[in-house]
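The sequence shown maps to residues -20 to -1, 1 to 868 in mature numbering (1 follows the signal peptide of the UniProt record, and there is no 0).
We put the beta carbon where it would ideally sit given N, CA and C, even for glycine.
The model shown is predicted, which means the values in this text are computed figures rather than measured ones.
Down below is the structure, laid out as structure tokens.
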Amino acid sequence: MNKLLLLLFAFMLLFGSVKATKRVNMTINSGWYFHKGDIAVSDNNFDSKEWKSLNLPHTWNQYDAFDEEPGYWRGTCWYAYQLRLPNDWEGKNIIIHFEGANQVAEVFVNEESVGKHIGGYTAFNFDITRYLISGGKNIIKVKLDNSHNKDIPPLNADFTFYGGIYRNVRLIVVDPVHFNLTDYASEGVFVSTPDVNEKNAKLKVDGNIVNNTGQNKNVLVENTLFDKNGNKILTKTINLKLGPNAITSFSIEGMNIAVPDLWSPESPALYKNVIRIIDQSKNTWLDVVEVPVGFKWFSFNGEGFFLNGKKYKLKGANRHQDFSGKGNALTDDYHINDYMHIKSLGFNFVRLAHYPQSPEVYRICNELGLLVWTEIPIVNEVTPTQDFTDNSLNMMREQIRQTKNHPSVILYGYMNEILIRMLSNSKMPEEKRAQIAQDTRDLAHKLEKLTKEEVPDRNTVMAIHYHEGYNHYDVSTITDVLGYNLYFGWYYEELEDLTRFLNSEHQRFPNRSIIVSEYGADGDIHNHSLNPRPWDFSEEYEAVLHSSYIRQMAALPYLAGYALWNFADFGAENRADAIPFINQKGLVNYDRTEKDVASLYRAAQLQIPILYIASRNYTLRKGIETVAESAICSYPVKVFSNSKYVELFQNNKSLGRKSVSDYTSEFDVPFTDGENVIEARDDQGSYDRLSIDFSIIPQDISKWNENLDIAVNVGADYYYVDAETKTVWLPDQVYKPLAFGRIGGTIFEKRDRQHKVGIANNILGTSTNPLFQTFVEGLDGFKFDVPDGKYSVTLYFVENNPKSPTKDIIYNLSGSDNDAIPAGVREFSISVNSIPVINNLNLARDYGNLRAVQFDIVTKATNGGGVSVNFKSLIGKSTLSGIRVRKL
């Protein structure tokens, strides 16, 4: 608001003879009431317990989308707001503007319906002037419904469809003569740069003016361009006659700028274009709109992307708009922080997945220099109805008109993996497949035509998944640019198959402009592996995958760019995985704390020196000594850097100097018990430091008396750190004399397109999914050769019975129905040191499917016999997920 007042004052100084009327643009986020469930519009009993007082932004799914109860509330809720009009608003037009409310909204003022909006991710507004009572209390209500509707995209997707008024609500107060803000909730003015080069640029302004006075009006429309330093570059004015109670279009052309300061991610030079309406009879300024202008030119072709006449690689990230504990109800600061964070990692490009985002997002991208792919949420499939088509076209038009003034936007998208449901159904008859493909093409062609009419200076794009069906059904040829969502080395095949596939596509379709629009791997900061592989959810494998993709994509000159999946972990209620209800493919966690892989991108993409000791989320470690009685555990440490060499130190002792390859250098560190201070230096003078608390387990545990605590994540091939209890769970191992391990049994492994250890289901009754998702079946026992003494033995179990329903999601692309073990019932008994402790344990019968079960048993080791846990299978195979032995 202060910036606006300063701007108004500056204009008054420049144009002292022109009087200004004030446009008011203010949020009304405070003091709302919320009612969960449907009610009558006349229900104004806000003091009742059914109405809750709150502030916006708000979603009603910030909690229930993350609990153990399947699903989340999708239905009708109401919001209410009491408004009193200031006296100086008399004679003005008042518009209520919603930046985002999901997904069907009907707005009432004083119990009268003023309008309805369909779609949860674009802005909408209504002129409510005639419904308001001057000098009295006005009640604004919003009936909002986020129920599934077959005629409204998105129909289904791998993200949570939070309900609520989750963005700002504004009141905009204007003169009866004003730019047409109700033109699909746009600014009513559209600025374009139809011709730009290094020597000259052309500027064009189009718009619509509303005259609600009931009288003819003669006005001037004045356009003034200022450079980034506030210097006036040009002014052009036209005369316009406005009919009574009418909307009049205008266009201002013939504006040329010599040697423009070009906009690019490295130098996002923004001009300011100010358009004013001036009443000639009263010499009064009636309305004003300020639009950012970035002069640039760009193109896509089969050889890549070109910006301002030079080949340019798009290096980007996808981003969802939710945050830990808040869902998608974020204030503007959260959006700004995310995009500043993205820019700090060296990215120059963002894909707004899978929907238009907050207006603040586009503004900050203009300023930071982030090129933008924005899209509407037509995901997975279409409904072949006229209503679905109309809603899709309307969303696209809204998205374009609300964002086309932003110079950062270069790509408009409208479909994501749109054939994935059809192509994943192997039993679908070909006749039905052909019809679905035809319906999809028909809608895509309509969206393509609309986009080209609205913004001929931008390019169109869709994203497809890894399947030849898009070529076969001629869906991949419609847009200017084609995005490929590729997960080699995660959902399917091997990492190096990325290059093979992209080279093949380029050879087959040499004129096709290609972006890798998604790629990634889930990474959990609690999981760590010495032998990282797909589906272990370790930070280490996430870094391995991204390192490979960075190297491969840099070597493909025809590739226009990439957008990794995803900048941040995000809510996906259908998912289980290491943390339930969260897609963990982010470079940062759901709360925006960083994973290791974020700094790998810093090293790869920034032009400043970067030095980062990896696995810094893994500062509490435990391991078995490498050589008996050495009290040393050798453990690899990686360093991410963009220098040539890195030298590593442990407790002030140099471990040598190594070269950097693929922005990574790896050292074998001889960890000792206690604090290990790791320091890194490079040839550019950079320095990093990390303190690691390491606990050494002797190879011979029979003489280990001090702080004996051994926790084993049975069936796992990775370390798991429970951050809450500070327990380090070791990988599974087979028993060796004088040590510990299991006797017999087979690690449960799922084999499909990828080799996976364990299951990916959510485990009920625990917050430590990785401890229960791996297990061994048919084991005979687990033995610890500990010294004599008193011990606590804790056993951890889970039943994964296929007779209980499990939800599968298509995004796992595994080709199997679920992760259930083979059919059968299990029952077994357990003894500890030959004493029966649990008889006839039937997990499914006694506790239910996919529920964490834990038993704590106190025992004594005597006569050098250690602690032995024995299993006797009665029906089917015994099972064990975890075991912990602690000396008391």
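Residues near residue i in its chain [Cβ-Cβ closer than 6 Å; skip 5 each side]
i	result
Arg864	Ala691, Thr774
Glu378	Thr102, Tyr164
Tyr61	Trp12, Ile120
Glu434	Ile380
Thr215	Thr204
Asn819	Ser809
Asn742	Ala556, Pro560
Extent of the continuous beta strand (DSSP E) to which residue i belongs
i	result
Gly721	720 to 727
Gln564	Premise fails: Gln564 is in no beta strand (DSSP E) and is neither H nor E.
Lys770	769 to 777
Leu112	No beta strand (DSSP E) contains Leu112, which DSSP labels as neither H nor E.
His386	Taken as a continuous stretch (DSSP letters only), His386 belongs to no beta strand (DSSP E), as it is neither H nor E.
Tyr592	591 to 593
Ile189	180 to 191
Paired residues, beta bridge with residue i - DSSP
i	result
Lys618	Glu646
Lys117	Arg64
Thr839	Tyr771
Val701	Val708
Ile458	Answer is none; Ile458 lacks a bridge partner.
Gly307	Phe303
Ala523	Partner(s): none; Ala523 has no beta bridge.
Tyr251	Val273
Glu655	Asp673
Asn281	Gly284
Three-state secondary structure assigned by DSSP to residue i
i	result
Phe368	helix
Asp788	Only weak support is given to the placement of Asp788: the predicted model assigns it a pLDDT of 48, under 50, and the value that follows is read from those uncertain coordinates. The answer is coil: DSSP assigns Asp788 none of H, G, I, E or B.
Val756	strand
Trp265	strand
Trp53	coil
Ile681	helix
Met235	strand
residue 877	No answer is possible for residue 877: it lies beyond the span of the chain, which begins at -20 and ends at 868.
Gly636	strand
Arg596	coil
Tyr146	coil
Ser623	coil
Asp44	helix
Leu688	coil
Alpha-carbon to alpha-carbon, residue j and residue i
i	j	result
Phe777	Met395	43 Å
Ile74	Pro156	9 Å
Thr859	Ala824	12 Å
Asp697	Gly721	13 Å
Ala81	Leu628	52 Å
Asn687	Gln337	52 Å
Glu167	Leu183	17 Å
Leu373	Asn451	24 Å
Leu539	Ile590	26 Å
Phe26	Phe14	9 Å
His97	Val84	6 Å
Pro37	Leu151	15 Å
Lys432	Asn126	31 Å
His386	Tyr392	12 Å
Leu751	Val389	44 Å
Met533	Asp312	33 Å
Arg831	Pro339	43 Å
Continuous alpha helix (DSSP H) stretch holding residue i: start and end
i	result
Ala20	Where Ala20 is concerned, there is no enclosing alpha helix (DSSP H), given that its DSSP letter is neither H nor E.
Tyr464	Segment 461 to 465 is the beta strand (DSSP E) holding Tyr464; no alpha helix (DSSP H) there.
His321	312 to 324
Pro156	Where Pro156 is concerned, there is no enclosing alpha helix (DSSP H), given that its DSSP letter is neither H nor E.
Tyr581	576 to 585
Val341	339 to 348
Thr431	410 to 434
Chain-order list of residues whose beta-carbon lies under 7 Å from that of residue i (same chain, five-residue window excluded)
i	result
Ala578	Leu325, Leu567, Val568
Trp40	Lys16, Trp53, Cys57, Gly143, Gly144
Phe561	Ala45, Phe46, Gly551, Ala552, Glu553, Arg555
Residues near residue i in its chain [Cβ-Cβ closer than 8 Å; skip 5 each side]
i	result
Ala238	Lys179, Asn180
Glu397	Val359, Asn360, Ala443, Ile444, His445, Asn465
Thr599	Leu670, Ser671, Ile672, Asp673
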